[in-house]
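Reviewing the structure listed below.
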Amino acid sequence: MLEGIYLALDKLFGPLIVETHPIWVVTVAGIILGAFFVLLNYIFVDQEKLKKLQKMAKEIQQEYRKAMEAKDEKKLRKIQQKQLELLKMQNELMVNAFFKPMLISWPIIIIFWGWLRRWYVEVAIVKYPFSFFLFDIFHKMYHSALKPDELGFIGWYFLTSYVVGSILRKILDMA
């Protein structure tokens with residue numbers, strides 16, 4: 001089933017991938033998918049409710065500190081009850097924040113990464129000006145052909161989509 005989807009993507013984007021440097025292909029993919037996932041969360045998550053819950057959490061934390069300093073056991077029990085209520089409300093919101101967007105986004109991610117892997121599995125997208133020992137451990141552990149100072153398509157995709165997502169969250173005033 002996925003092979004048919006990959007062949008369709010090859011026909012649609014194959015010439016572009018062959019003619020364009022991998023850094024541009026993966027950067028554009030990170031921008032498009034990063035923006036898509038942020039907008040998906042923006043649509044499915046009640047931002048006002050999320051901000052309200054964050055404000056409540058800060059207030060409860062401040063009350064808790066004051067009660068701990070005063071060693072007021074009665075107030076601490078009340079705060080614990082408030083924390084339990086807040087946790088229930090947060091869990092309800094997280095169901096909408098994670099599961100609905102995840103049901104839409106995971107098939108896209110699986111298909112798209114699988115397709116990109118066919119083109120860029122051992123291709124260095126970016127070369128660092130330094131060698132970091134953790135990258136060396138990672139590359140040896142996964143028997144990668146990439147050197148410790150090189151970043152593949154998944155790493156570059158994550159960096160790109162993270163930056164785009166952060167900027168969009170700030171623009172959309174997401175909590």
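Each residue of the sequence shown is one higher than the one before, starting from 1 at the first, in UniProt numbering.
We put the CB at the ideal spot given by N, CA and C, even for glycine.
For Lys49, the enclosing alpha helix (DSSP H) begins and ends at Gln47 to Ala70. With respect to the 8 Å criterion, Phe37 and Ser105 are classified as neighbours on the basis of their beta carbons. For Tyr6, the enclosing alpha helix (DSSP H) starts and ends at Leu2 to Glu19. Counting along the chain, Gly34 sits inside the alpha helix (DSSP H) bounded by residues Pro22 to Phe44. With fewer than 16 other CB atoms across the displayed protein chains lying within 10 angstroms of its CB, Val163 is exposed.
As for any alpha helix (DSSP H) of minimum length 4 sitting wholly inside the segment 66 to 134, the runs are 73 to 94 and 100 to 120, ordered along the chain. Here Leu84 is actually not in contact with Lys49; their C-beta atoms are around 18 Å apart, not less than 8 Å.
Residue state for Leu159 is assigned as helix, using DSSP reduced to three classes. In the three-state DSSP reduction, Leu168 falls in the helix class (H, G or I).
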